[in-house]
Amino acid sequence: HAGKFFDLKEFGMYWASTPLEYWPRGQLERSQIVEDFGSEGFRYGDRRQELVVIGVGLDQAAIEGMLDECLLTDEEMEAYAQDADSQQ
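In this note's numbering, each number is its position in the sequence shown, counted from 1, plus 77.
Here's what the structure looks like:
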């Protein structure tokens, strides 16, 4: 594809928010899903965003730096977790 392009797709619910009864029945498939949850375990599960940036002559370090600035700090993440826990 040439030129500017933006595509946003919805792929459904996160596995972490999908009742186990709707998960694949096979042990291999389930273990692959759980493996995708990452080192933080089940607290946030597979909830994350993934970006793909394709182009010529892009400054990867600058792009990563700008995106990193958007991330929550550890303190902000903990405050969010405490607030979310208090609402359950």
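Glycine included, each C-beta is placed from N, C-alpha and C at the ideal position.
Under 9 Å, do residue i and residue j count as touching if we go by C-beta distance?
i      : j      : result
Trp92  : Asp113 : yes
Ala156 : Arg120 : no
Val129 : Ile140 : no
When the Cα of residue i is compared with those of the options, which residue comes out closest?
i      : options                   : result
Phe88  : Asp162, Glu106 and Asp123 : Asp123
Lys81  : Gly132, Asp162 and Val111 : Gly132
Leu149 : Gly103, Arg125 and Ser108 : Arg125
Helix, strand or coil: which one does DSSP assign to residue i?
i      : result
Gly142 : helix
Glu87  : coil
Ile169 : Residue coverage of the chain in this structure runs from 78 to 165, which leaves residue 169 outside it and unanswerable.
Tyr121 : coil
Asp113 : coil
Gly107 : It is Arg, not Gly, that sits at residue 107 in the sequence shown. The answer is helix: DSSP assigns Arg107 an H, G or I state.
Gln137 : helix
Leu149 : coil
Trp92  : helix
Gln126 : coil
Does any CB atom of chain B fall closer than 9 Å to the CB of residue i?
i      : result
Leu128 : No chain B appears in this structure, which consists of one protein chain only.
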